[in-house]
Amino acid sequence: MRFSKLLIPTSKEVPNDATLASHIYLIRGGFIQSVGGAGLYNFLPLGKKILDKVRAVVKDELDKAGCQEVALSFVTPANLWQESGRLEKYGKELLRFKDRKDNDFILGPTHEEMMVNMVRQTIKSYKQLPLNLYQINLKFRDEIRPRFGLMRGREFLMKDGYSFHASLEDMQREFAYMEKTYKKIFTRLGLDFRVVEADSGAIGGSGSKEFMVLADSGEDTIVVCDSCDYGANIEAAIAKPKVYDTSTEVNTVVMKALYDEGKSSIVTFVLPSGITLQEVKACHSVGANELVEYDSSTKSSVVVIEETLGAAVNPSDYDADEMFYEDISSVCEGDSCVHCSGTLRYSKGIEAGHIFQLGTQYSKALGCNFLDENGKSVPMEMGTYGIGVSRLLAAIIEQNHDDKGCIWTKESAPFDLQIIVSNIKDEGQMALGEKLYGAMKAKGVDVLLDDRKDRYGAKMKDYELIGVPHAVVIGKNLADGKVEFMTRKEMLKEEVSAENILSFLQERF
RNA sequence: CGGAGUGUAGCGCAGUCUGGUAGCGCACCUGGUUUGGGACCAGGGGGUCGAAGGUUCGAGUCCUUUCACUCCGACCA
Numbered sequence: 001m002r003f004s005k006l007l008i009p010t011s012k013e014v015p016n017d018a019t020l021a022s023h024i025y026l027i028r029g030g031f032i033q034s035v036g037g038a039g040l041y042n043f044l045p046l047g048k049k050i051l052d053k054v055r056a057v058v059k060d061e062l063d064k065a066g067c068q069e070v071a072l073s074f075v076t077p078a079n080l081w082q083e084s085g086r087l088e089k090y091g092k093e094l095l096r097f098k099d100r101k102d103n104d105f106i107l108g109p110t111h112e113e114m115m116v117n118m119v120r121q122t123i124k125s126y127k128q129l130p131l132n133l134y135q136i137n138l139k140f141r142d143e144i145r146p147r148f149g150l151m152r153g154r155e156f157l158m159k160d161g162y163s164f165h166a167s168l169e170d171m172q173r174e175f176a177y178m179e180k181t182y183k184k185i186f187t188r189l190g191l192d193f194r195v196v197e198a199d200s201g202a203i204g205g206s207g208s209k210e211f212m213v214l215a216d217s218g219e220d221t222i223v224v225c226d227s228c229d230y231g232a233n234i235e236a237a238i239a240k241p242k243v244y245d246t247s248t249e250v251n252t253v254v255m256k257a258l259y260d261e262g263k264s265s266i267v268t269f270v271l272p273s274g275i276t277l278q279e280v281k282a283c284h285s286v287g288a289n290e291l292v293e294y295d296s297s298t299k300s301s302v303v304v305i306e307e308t309l310g311a312a313v314n315p316s317d318y319d320a321d322e323m324f325y326e327d328i329s330s331v332c333e334g335d336s337c338v339h340c341s342g343t344l345r346y347s348k349g350i351e352a353g354h355i356f357q358l359g360t361q362y363s364k365a366l367g368c369n370f371l372d373e374n375g376k377s378v379p380m381e382m383g384t385y386g387i388g389v390s391r392l393l394a395a396i397i398e399q400n401h402d403d404k405g406c407i408w409t410k411e412s413a414p415f416d417l418q419i420i421v422s423n424i425k426d427e428g429q430m431a432l433g434e435k436l437y438g439a440m441k442a443k444g445v446d447v448l449l450d451d452r453k454d455r456y457g458a459k460m461k462d463y464e465l466i467g468v469p470h471a472v473v474i475g476k477n478l479a480d481g482k483v484e485f486m487t488r489k490e491m492l493k494e495e496v497s498a499e500n501i502l503s504f505l506q507e508r509f
């Protein structure tokens with residue numbers, strides 16, 4: 001590709017709403033463009049190219065793992081969501097609309113219903129199982145507050161996969177296999193990540209693991225052990241129980257627990273003083289949909305006591321209809337790891353993938369059954385597996401940038417090599433540039449030739465901003481028979497003689 | 001949904017208090033000079049001032065309504 005023909009509006013100006021490096025550089029580098037609607041972006045040629053490369057890595061590994069790609073209709077009939085019960089549960093994040101005949105539709109934020117619908121129409125026997133289907137398609141979530149560019153957009157590209165099994169054991173086998181496959185994907189993309197135990201949120205299900213790209217700008221707090229590979233989202237993290245006795249001071253937190261159909265109850269949580277309530281754990285302990293702040297002296301109907309307090313509290317101090325012990329504490333930095341007694345630390349992560357053991361939640365609700373060996377009709381065991389493909393672009397930059405711009409990893413780079421001709425009016429420089437460009441292209445190397453009229457400085461700034469891994473600079477040193485080979489990371493420059501540069505490149509690429 | 005702000009050229013902003021010819025920087029077009037770290041000179045194009053209504057001889061500016069966006073918070077595979 002010739003730079004002079006490329007649609008890539010790079011800019012010196014930082015968009016005034018951008019705070020994250022990925023947001024700033026993706027816009028400044030001309031990869032994406034704001035559309036004006038909150039959380040909506042256009043992908044310009046280079047952004048689209050990177051998106052496709054990341055997508056290709058995901059697809060390649062999944063296909064190798066025996067998954068099959070499909071494409072589900074983006075517009076989803078609302079009645080499927082009615083069947084699963086999620087139409088009410090999902091709330092305002094779900095974009096709903098009507099067609100001309102006044103039928104209800106939604107834009108899919110995730111496609112369990114659609115995929116289950118597809119499978120229940122085609123799979124009837126255990127002999128057809130297992131099956132792992134996925135798609136890489138646009139999703140829409142009407143986020144309360146979209147922000148951070150591609151990190152939390154409303155429209156985004158997600159890979160969502162679903163597996164169907166005749167037994168729980170087979171589903172768990174596939175779950176473990178997907179974890180392995182995901183590790184390969186993130187490793188190929190050059191990311192530093194951690195697999196952590198997670199809360200499964202609105203999708204539901206039991207076992208769930210998140211793939212966290214480690215970055216200070218991440219929105220999630222994860223707990224990691226410094227001596228083994230234990231990691232968990234703060235919402236699901238556990239630590240080695242601490243020991244308390246009757247001298248321990250306790251605090252109480254009163255909250256209102258909300259349930260389906262507008263039901264609610266007042267709950268008192270009892271914790272050692274100095275320990276914060278982990279709201280997600282607390283929410284699960286009472287089986288509620290949500291906990292909200294509540295300040296009143298009304299009598300609580302339920303009392304939940306942090307389980308490690310044990311005999312350190314006297315249950316008769318509390319008056320309630322129901323009382324039980326449960327782990328409701330936030331893990332603190334410095335706590336001990338349950339697996340190896342190592343020290344736990346907080347870290348920030350970007351959730352780039354999430355895998356769940358769904359079980360039969362959706363297959364039961366939607367009647368996705370098959371006949372087992374005994375001719376009995378039973379619901380399929382399911383797993384579900386997501387990767388935020390467009391978010392990965394942001395995650396790659398969050399982890400790979402400097403104060404000058406992007407530093408794309410090998411498999412995500414928009415080009416393999418950039419050839420910078422410092423002064424295109426210098427015939428010698430331009431001729432060598434064209435020669436290298438032609439030779440590299442012929443070899444199948446994806447190369448960008450900067451043949452613009454601009455000066456050296458402008459071209460270098462754009463090179464640094466765009467972040468192609470390597471470049472050849474043909475400039476005034478050509479008069480002495482020398483050119484430079486540059487590596488974007490650390491901006492290392494190697495002097496190579498103009499005579500040898502072609503064979504040098506032939507060896508490197 | 002609470003709190004705070006902002007809507008003026010593709011982008012970033014001034015002008016609004018105190019009503020009187022629509023401005024600046026970047027980007028863009030033409031010509032010339034320049035070519036190792038975002039060049040310079042000269043000339044030029046581009047605007048329903050978010051929208052609707054009102055006050056006024058006259059509204060970007062004042063009043064009313066409305067829409068959108070941004071930030072902080074709550075929320076969130």
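Quick note on the working numbering: the first sequence kicks off at 1 and runs consecutively. Glycine included, each C-beta is placed from N, C-alpha and C at the ideal position. None of these values were measured; they are calculated from a predicted model.
Check, Outcome
"Name the residue from Gly108, Leu291 and Asp170 whose alpha carbon lies nearest to the alpha carbon of proline 130.", "Asp170"
"State the DSSP-derived secondary structure class of isoleucine 203, mapped to helix, strand or coil.", "Any reading at isoleucine 203 is ruled out, since the residue's pLDDT is 48, under 50, leaving its predicted position unreliable."
"Just to confirm the assignment: which complete alpha helix (DSSP H) runs, minimum length 4, are found wholly within the segment 165-242?", "168-188"
"Could you check whether phenylalanine 370 and isoleucine 123 sit closer than 7 Å to each other, using their CB atoms as the reference points?", "yes"
"Rounded to the nearest angstrom, what separates lysine 376 and glutamine 172 at their Cα positions?", "22 Å"
"By how many angstroms is the C-alpha of glycine 457 removed from the C-alpha of isoleucine 424?", "14 Å"
"Starting from arginine 488, follow the alpha helix (DSSP H) in both directions and report where the run begins and ends.", "Run containing arginine 488: none; DSSP gives neither H nor E here."
"Tell me whether isoleucine 420 is buried or exposed, calling it buried when 16 or more other Cβ atoms sit within 10 Å of its Cβ.", "buried"
"Express the C-alpha separation of tyrosine 230 and isoleucine 203 in angstroms, rounding to a whole number.", "Confidence in isoleucine 203 is poor, its pLDDT being 48 and thus under 50, which makes the residue's placement too unreliable to answer from."
"Would you call the segment 183-199 in contact with the segment 138-152, where contact means no fewer than 3 C-beta pairs closer than 8 Å?", "no"
"Based on DSSP bridge pairs, tell me the residues matched to glycine 334.", "Paired residue(s): none; glycine 334 is not in a bridge."
"Where do the N-terminal and C-terminal ends of the alpha helix (DSSP H) with histidine 23 fall, by residue?", "21-28"
"With DSSP as the reference, identify every bridge partner of methionine 380, one or two as the case may be.", "DSSP output for methionine 380 lists no bridge partner at all."
"Do valine 54 and isoleucine 513 have their beta-carbon atoms positioned less than 7 Å apart in this structure?", "Outside the shown range of the chain, which is 1 to 509, sits residue 513, and nothing can be said about it."
"Is the beta carbon of valine 223 sitting closer than 7 Å to the one on isoleucine 234?", "yes"
"Does DSSP classify proline 315 as helix, strand or coil?", "helix"
"What residues are listed by DSSP as bridge partners for methionine 255?", "Val267 and Glu293"
"Closer than 8 Å is the cut-off here; do at least three beta carbon pairs connect the segment 266-283 with the segment 329-338?", "yes"
"Evaluate aspartate 462 with the Cβ neighbour count: other Cβ atoms within 10 Å of its Cβ, from every protein chain shown; 16 or more gives buried, anything less gives exposed.", "buried"
"By DSSP, does alanine 365 sit in helix, in strand, or in coil?", "helix"
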